[in-house]
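These notes are about the structure you will find just below.
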Amino acid sequence: MSMVGDRLNPAVAAQLKGKRVLVTNDDGIDADGLARLETLARRYCDDVWVIAPATHQSARSRGITLRTPLRVVELGEQRAAVTGTPLDTFMVGMQHFFDDRLPDLVLSGINHGGNTGADIGYSGTCGIVMEAAMHGIRGIAFSQHTVGGVMDWSVADAHLNRVFDQVMQVSVPET
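The numbers in our numbering rise by one with no breaks, and the one at position 29 of the sequence shown is 61.
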């Protein structure tokens, strides 16, 4: 995967220096979009965690698992899959992995398919970022439309760095 504009934005690099980033999604730990966000995060940060659902969990919004035990499968250093909803993965991360320090930024996606209009309310990708905001953590949800159900990753590869840099330069009110 080759991303256009591989030059780091100095302002964003300074903003993320020494920060912790959680990369997650609703499409599952093996999703191509997650790998792209992980690559992006690792360009800017040394403390990157990848915690995502073990399987595809689209349209689960902010749902949580109540009656089924969750399993955490550690897949390497700072990388894990959770057998639950996207929000379960976020909450497990907060309680199981981040007891010393919460993430400073949550990157969710890149969702395989668009999240626009009413879709945002159903989206696990967006639900994670909404929950992060409830915990005072900045989050960005990334999604990309498909054409006929087929994802053209060249679009994300061409624009992800620029979009990330622009969004990171938007000021966020202190909570």
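All C-beta atoms in this analysis are idealised placements derived from N, C-alpha and C, irrespective of residue type, glycine included.
For L69, the CB contacts under 7 angstroms within the same chain, skipping 5 residues up- and downstream, are V55, L139, G141, I142, F174 in chain order. When DSSP assignments are scanned along the region 117 to 178, the uninterrupted stretches of beta strand (DSSP E) that are 3 or more residues long and fall wholly within it turn out to be 137 to 144, 170 to 176. Annotation for V104: A112, V114, V124, H128 place their beta carbon closer than 7 angstroms to its own, counting only its chain and skipping 5 residues before and after. Between A84 and L66, the C-beta gap is smaller than 8 angstroms, which places the two residues in contact.
Less than 8 angstroms separates the beta-carbon of D120 from that of L102. Excluding the 5 residues flanking it on each side, V161 has same chain C-beta neighbours closer than 7 angstroms at V138, S140, G171, I172, A173, in chain order. Per DSSP, the unbroken alpha helix (DSSP H) holding P42 starts and ends at 42 to 48. Counting along the chain, E106 sits inside no alpha helix (DSSP H); it lies in the beta strand (DSSP E) bounded by residues 104 to 108. Going by beta carbons, Q176 and G146 fall inside the 8 angstroms limit. Rounded to the nearest angstrom, the gap between the Cα atoms of I61 and M126 is 17 angstroms.
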